[in-house]
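Just below is one structure, and these are the notes that go with it.
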Amino acid sequence: MGTQVPKQFLTLGGVPLLVHSLRVLDAAEWVHDIILAVPEADRESCLRDIVTPHGFKKVRQIVAGGAERQDSVRHALEAVEGGADLVLVHDAVRPFLTVEMVARVLERAAAVGAAIVAIPMRDTVKRVSPDRLIEDTVERHGLWLAQTPQAFRTGLLREAHQTALAEGKRATDDAQLVEWLGRPVGIVEGTAENIKITRPEDLGIGEAILAARAKR
């Protein structure tokens, strides 16, 4: 993003990105406890500047994240109490999740064991060589773009992370870890609004989505 501020603490609509996700998760009936994984240096400021002033009652712990996303999720998972049947993993840089989306992905995970929010691929996809020449066109039928939130039976996600750690495997999302175990992962359809804020121009798109939602 061209800034030293962690992406989840960048502001959208006048508040940090993380606040948007926490508002939804705090209001979601099926979510009982929230564990945040943030950089070690930001744990105190996260509590002081985000959790406490906004009154997020479900935040139980703020743990230190890891070197990569997979490490951060594993650290948060280690803090989950034994009685939790399901866990929900969400990227704070996706501020446009909804309560309804959370309910549907948790319901699907309860039935299948694991589920993710995703949207079908609508654009034409090209496979490109290192020197940026098109090699072929990928058949997009059956291709979906993975998003978060993603939900799992707690024991299954623990097994997936422990296995990946033991085997030195790195995944780009938690669903892939479960796939490597040969276990099914369900899909619930999300929305194109559920964008990931990773580039400066994404903030402008996010502001436009907020403005459009305010008019509905």
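Following my numbering, the numbering of the sequence shown begins with 23 at its first residue and continues without gaps. Here a beta-carbon is modelled for each residue, glycine too, at the ideal position from N, C-alpha and C.
At a cut-off of 3 residues, the continuous stretches assigned as beta strand (DSSP E) that sit fully inside the region 141 to 174 are 147 to 150, 156 to 160.
Taking the CA atoms as reference points, residue 176 sits about 21 Å from residue 190. Under the rule that a run must span 3 or more residues, the beta strand (DSSP E) segments found entirely inside the region 106 to 146 read 108 to 111, 136 to 142. With fewer than 16 other Cβ atoms inside 10 Å of its own Cβ, residue 154 counts as exposed. Counted as a single uninterrupted DSSP element, the beta strand (DSSP E) harbouring residue 208 occupies residues 208 to 211. For residue 32, there is no enclosing beta strand (DSSP E), since its DSSP letter is neither H nor E.
In the three-state reduction of the DSSP assignment, residue 84 falls in the strand class. Taking residue 198 as reference, the option from 118, 170, 216, 211 with the minimal CA-CA separation is 170. Taking the C-beta atoms as reference points, residue 130 is found nearer than 8 Å to residue 208. Assigned with DSSP and collapsed to three states, residue 37 falls in strand.
Judged by DSSP secondary structure, residue 233 falls within the alpha helix (DSSP H) whose first and last residues are 222 to 236.
For residue 73, there is no enclosing alpha helix (DSSP H), as DSSP marks it with neither H nor E.
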